[in-house]
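Here is the structure we will look at, set down as structure tokens.
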């Protein structure tokens with residue numbers, strides 16, 4: 001699947017003086033990976049120019065990276081890999097606390113065996129809570145189901161980025177692009193009685209942004225009725241380069 | 247290193263009727279990989295949408311891919327992996343014969359151990375000869391030395407794409423971007439008495455194109471004296487999207 005925002009990273013803005021200077025240095029100190037699949041990890045290969053940063057992920061995701069020697073290109077002398085336990089808050093940057101938590105999902109596509117569970121709760125598909133003294137935001141790019149635990153957790157959030165892969169569960173099948181439904185891929189779809197738009201009605205969330213759209217999702221078309229429907233329901237359709245200040 | 251043309255593939259134009267149709271089908275039947283390093287193989291991860299093709303490479307390069315489960319995303323049911331022996335011509339497309347041959351070089355960066363040989367002749371850095379009934383072209387994106395064997399082979403070619411990584415051997419060191427020289431990275435530089443521009447003087451080659459330029463190479467600047475010098479010596483500076491007909 002090609003996703004609209006294949007390589008979302010949390011790039012924390014900090015005082016420029018905190019960063020080493022140099023022609024190839026980026027203002028980047030932390031990268032947090034929430035899934036081991038290609039659209040989440042391939043971007044790491046473009047960060048291999050001796051750029052120092054800390055790579056945060058669950059042990060399960062670190063294990064996936066460790067099984068692929070190509071990621072040794074992230075030189076261990078400048079890139080520290082830190083394993084983060086679920087539900088344990090850690091400091092992602094000064095004043096910013098992050099907590100990883102499990103969400104219903106599945107293993108990366110390239111690690112699928114013969115049968116695939118898409119309701120797995122483990123450390124390979126996770127969401128992120130980001131907290132400052134006064135604000136609380138969530139990043140959940142893949143999620144198979146909004147269950148009660150998740151609903152309780154998100155209540156009162158200031159900002160939510162949520163899985164917007166498909167509009168309809170069978171959208172790729174109908175487009176002749178394969179046999180996989182959204183459910184089979186571990187994604188809730190936006191539309192319908194089981195969809196994410198309906199599931200979030202009534203939750204107290206300040207701002208809701210769909211991310212991780214598949215290229216079949218009609219909300220990507222600026223003039224589509226589906227985009228208008230999502231917006232009327234209070235959602236923003238995420239775009240590359242979007243910046244949001246709280 | 248970031249290269250100007252990080253993902254050169256040989257995309258063979260054939261009659262459209264040869265190709266399966268479908269919204270996501272590309273007019274692509276063969277991919278030939280000549281090196282196991284990231285800038286040569288990472289592009290494969292963007293071809294994982296059930297696009298059928300044959301992946302040609304030496305056994306050594308196939309072994310590198312096989313060591314990284316992330317490349318299993320190229321579904322074995324639609325992507326055939328064919329190992330090509332050095333110096334054995336094979337049909338890359340109807341009417342087009344390709345032959346892989348070893349050139350002086352080194353192993354991929356992420357497989358380097360404590361000491362690195364850059365004059366290795368093996369099956370991890372190779373050049374390609376492309377032949378039709380009437381024409382002969384070469385693609386050599388990485389090469390540490392133009393030795394006599396290679397000189398003899400290239401004599402009389404209609405077209406050559408050649409390693410243009412650096413202008414000067416110590417260009418990255420002088421720019422403050424690290425301690426590595428071109429020689430250490432397994433690349434001939436363009437300039438100077440040992441450089442590729444001098445080495446090719448007197449060879450009978452129809453058209454010469456530099457590819458695989460590093461982002462420190464001044465030939466990438468349209469108004470640089472180095473670009474003018476290379477062009478005066480009969481070279482073209484390769485660009486993304488360039489198409490050449492023989």
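Protein chains in written order, with my numbering: chain A, 1 to 246; chain B, 247 to 492. C-beta atoms are modelled at their ideal positions from N, C-alpha and C, and glycine is treated no differently. None of these values were measured; they are calculated from a predicted model.
(request) Answer with yes or no whether the minimum CB distance from residue 327 of chain B to chain A is below 8 Å. (result) Numbered from its first residue, the second chain carries residue 327 of chain B at position 81. With 8 Å as the cut-off, residue 327 of chain B does not count as an interface residue toward chain A.
(message) Please list the terminal residues of the continuous alpha helix (DSSP H) segment that includes residue 380 of chain B.
(response) Along the second chain, read from residue 1 onward, the residue named residue 380 of chain B stands at position 134. Note, residue 380 of chain B: premise wrong, no alpha helix (DSSP H); not H, not E.
(request) Give the single residue among B:386, B:451, B:373 and B:351 whose Cα lies nearest to the Cα of residue 402 of chain B. (result) Taking the second chain and counting its residues from 1, one reaches residue 402 of chain B at position 156. Considering only alpha carbons, the answer is B:451.
(request) Mark residue 56 of chain A as exposed unless 16 or more other C-beta atoms lie within 10 angstroms of its C-beta, in which case mark it buried. (result) As a first step, residue 56 of chain A is located in the first chain; it is residue number 56 there, counting from the start. Its Cβ being crowded by 16 or more others within 10 Å, residue 56 of chain A is buried.
(message) Closest to residue 338 of chain B by C-alpha separation, out of B:375, B:474 and B:440, would be which residue?
(response) Along the second chain, read from residue 1 onward, the residue named residue 338 of chain B stands at position 92. It is B:375 whose Cα lies nearest to the Cα of residue 338 of chain B.
(request) Give, in chain order, every residue of the segment 300-320 of chain B whose Cβ lies closer than 7 Å to some Cβ of chain A. (result) 313, 314, 315, 316, 318 and 319
(message) Closest to residue 164 of chain A by C-alpha separation, out of A:223, A:187 and A:175, would be which residue?
(response) Numbered from its first residue, the first chain carries residue 164 of chain A at position 164. Out of A:223, A:187 and A:175, the CA that lies nearest to the CA of residue 164 of chain A is found in A:187.
(message) Using C-beta distances below 6 Å, list every residue in its chain close to residue 29 of chain A, excluding the 5 sequence neighbours before and after it, in chain order.
(response) Counting from one through the first chain, the residue named residue 29 of chain A turns up at place 29. So the qualifying residues of the chain are 53.
(request) In the DSSP assignment, find the unbroken beta strand (DSSP E) run with residue 301 of chain B in it and report its ends. (result) Mapped onto the second chain, residue 301 of chain B falls at position 55. First-last of the beta strand (DSSP E) with residue 301 of chain B: 299-303.
(message) My assumption, with CB atoms under 8 Å, is that residue 392 of chain B sits in contact with residue 435 of chain B. Please give the rounded CB distance.
(response) Counting from 1 along the second chain, the entry for residue 392 of chain B is found at position 146. Counting from 1 along the second chain, the entry for residue 435 of chain B is found at position 189. Incorrect: roughly 12 Å between the Cβ atoms, too far for contact.
(message) In chain order, what are the residue ranges of uninterrupted alpha helix (DSSP H) at least 4 long that sit wholly in the segment 422-462 of chain B?
(response) 442-445
(message) Please state the DSSP three-state secondary structure of residue 79 of chain A.
(response) As a first step, residue 79 of chain A is located in the first chain; it is residue number 79 there, counting from the start. Here residue 79 of chain A sits in strand by DSSP.
(request) Take every Cβ of the segment 448-462 of chain B, pair it with every Cβ of the segment 473-484 of chain B, and state whether three or more of those distances are shorter than 8 Å. (result) In this structure the segment 448-462 of chain B lies against the segment 473-484 of chain B, because at least three pairs of beta carbons, one per stretch, are closer than 8 Å.
(message) Taking only three categories from DSSP, how would you classify residue 285 of chain B?
(response) Taking the first residue of the second chain as 1, we reach residue 285 of chain B at position 39. In the structure shown, residue 285 of chain B sits in a helix (DSSP, three-state: H, G or I).
(request) Return the CA-CA distance between residue 373 of chain B and residue 279 of chain B, expressed in angstroms with no decimal places. (result) Taking the first residue of the second chain as position 1, residue 373 of chain B is located at position 127. Taking the first residue of the second chain as position 1, residue 279 of chain B is located at position 33. C-alpha separation (whole angstroms): 10 Å.
(message) So that I know if they touch, is there some Cβ in chain B lying closer than 8 Å to that of residue 178 of chain A?
(response) Taking the first chain and counting its residues from 1, one reaches residue 178 of chain A at position 178. So, interface residue.
(message) Can you confirm whether residue 38 of chain A, when its beta carbon is compared against all beta carbons of chain B, has any partner nearer than 8 Å?
(response) Within the first chain, the letter at position 38 stands for residue 38 of chain A. Yes, contact with chain B.
(message) By alpha-carbon positions, which one of A:98, A:203 and A:175 ends up nearest to residue 139 of chain A?
(response) On the first chain, residue 139 of chain A is found 139 positions in, with the first residue counted as 1. It is A:98.
(message) Rounded to whole angstroms, what is the Cα-Cα separation between residue 464 of chain B and residue 179 of chain A?
(response) What you label residue 464 of chain B is simply residue 218 of the second chain in a count that begins at 1. What you label residue 179 of chain A is simply residue 179 of the first chain in a count that begins at 1. Distance between the alpha carbons of residue 464 of chain B and residue 179 of chain A: 49 Å.
(request) Name, please, each residue of chain A whose Cβ falls closer than 8 Å to the Cβ of residue 382 of chain B. (result) Counting from one through the second chain, the residue named residue 382 of chain B turns up at place 136. Per Cβ cutoff of 8 Å: no residues; residue 382 of chain B is ~34 Å from chain A at best.
(message) Tell me the residue span of the beta strand (DSSP E) that contains residue 224 of chain A.
(response) Here residue 224 of chain A is taken as the residue at index 224 of the first chain, counted from 1. Element bounds for residue 224 of chain A: n/a, residue is neither H nor E.
(request) Name the two residues that bound the continuous alpha helix (DSSP H) containing residue 345 of chain B. (result) Here the question's residue 345 of chain B lines up with position 99 in the second chain. Segment 342-348 is the beta strand (DSSP E) holding residue 345 of chain B; no alpha helix (DSSP H) there.
(request) Check residue 416 of chain B in the structure and name its three-state DSSP category. (result) For this step, residue 416 of chain B is matched to residue 170 along the second chain. If DSSP states are grouped into helix, strand and coil, residue 416 of chain B belongs with coil.
(message) Does residue 489 of chain B pass the burial test, meaning 16 or more other C-beta atoms within 10 Å, or should it be called exposed?
(response) Working through the second chain from its first residue, we reach residue 489 of chain B at position 243. The residue is exposed, with fewer than 16 neighbouring Cβ atoms inside 10 Å.
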